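First up is the structure itself, then whatever we jot down about it.
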Amino acid sequence: MILPRYKITFVRDLAEYISKRYSGKIVEIGVGFNRKVASELLRLGFDVIATDIKRIPGAIPDDVCNPRFEIYDGASLLYSIRPPYEIQGCIISLARRIGSDVIIVPLKNEIIGGGRLVNYKSVRFYLFTRQSLRSLSEDPQTP
């Protein structure tokens, strides 16, 4: 399957942003059947783990709202592409607990508060750093 040019650019740009700022273990949450970013990060030498609530080949089944922490321990970054609004708070809570940063690429403007909007080349996403996560309230839905 050939991807449209804008999707190829999106994948390359997001992977480039991540590769310039993170190292080691990275976890994509809610990978679904689109493994393009994870594949590009693997190609760049990262230890990438993909998770999804459904049993999907190549992904570890896990419910991020009731996570198995051993999957995520040691990750420098958790990222999710177009996660439902309902699980974004769970992603933030998990990152706070394990001490990692979070990138959420929202569907339109569906994003919880507290992150910093980043425009990097063709990609627009919200970044929650370890430092900013410490300053958020315990309920990630309420900054």
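Position 122 (the sequence shown) corresponds to 132 in the working numbering; numbering is contiguous.
Note that the Cβ used here is the ideal one computed from N, Cα and C, for glycine as well.
It should be emphasised that the depicted structure is a prediction, and the values quoted were computed from it without experimental measurement.
In DSSP terms, what residue i is bridged to
i, result
"D159", "Absent from the model: residue 159. The displayed extent of the chain is 11 to 153, so no value can be given."
"I36", "V58 and L87"
"R107", "Per DSSP, none; premise fails for R107."
"Y95", "Partner(s): none; Y95 has no beta bridge."
"R144", "Paired residue(s): none; R144 is not in a bridge."
"L127", "Y136"
Residue range of the unbroken alpha helix (DSSP H) whose run includes residue i
i, result
"F138", "Run containing F138: none in the alpha helix (DSSP H); it sits in the beta strand (DSSP E), V133 to F138."
Whole-angstrom distance between residue j and residue i, CA atom to CA atom
i, j, result
"D5", "I121", "This structure cannot settle anything about residue 5, because the visible part of the chain is limited to 11 through 153."
"D62", "N129", "26 Å"
"R78", "V112", "17 Å"
"I108", "T19", "31 Å"
"S90", "D23", "15 Å"
"A25", "C75", "25 Å"
"Q98", "A69", "19 Å"
"G124", "P67", "33 Å"
"K46", "V21", "6 Å"
"A60", "P93", "14 Å"
"I36", "E50", "12 Å"
"F138", "I102", "8 Å"
Simplified DSSP assignment, three categories, for residue i
i, result
"K46", "helix"
"I121", "coil"
"S31", "According to the sequence shown, residue 31 is Arg rather than Ser. Correct three-state label for R31: helix."
"V159", "The first residue shown for the chain is 11 and the last is 153, placing residue 159 beyond what the model contains."
"V21", "helix"
Enclosing beta strand (DSSP E) for residue i [first to last residue]
i, result
"R78", "Where R78 is concerned, there is no enclosing beta strand (DSSP E), given that its DSSP letter is neither H nor E."
C-beta contact flag for residue i and residue j at 8 Å
i, j, result
"L52", "S29", "no"
"L127", "Y136", "yes"
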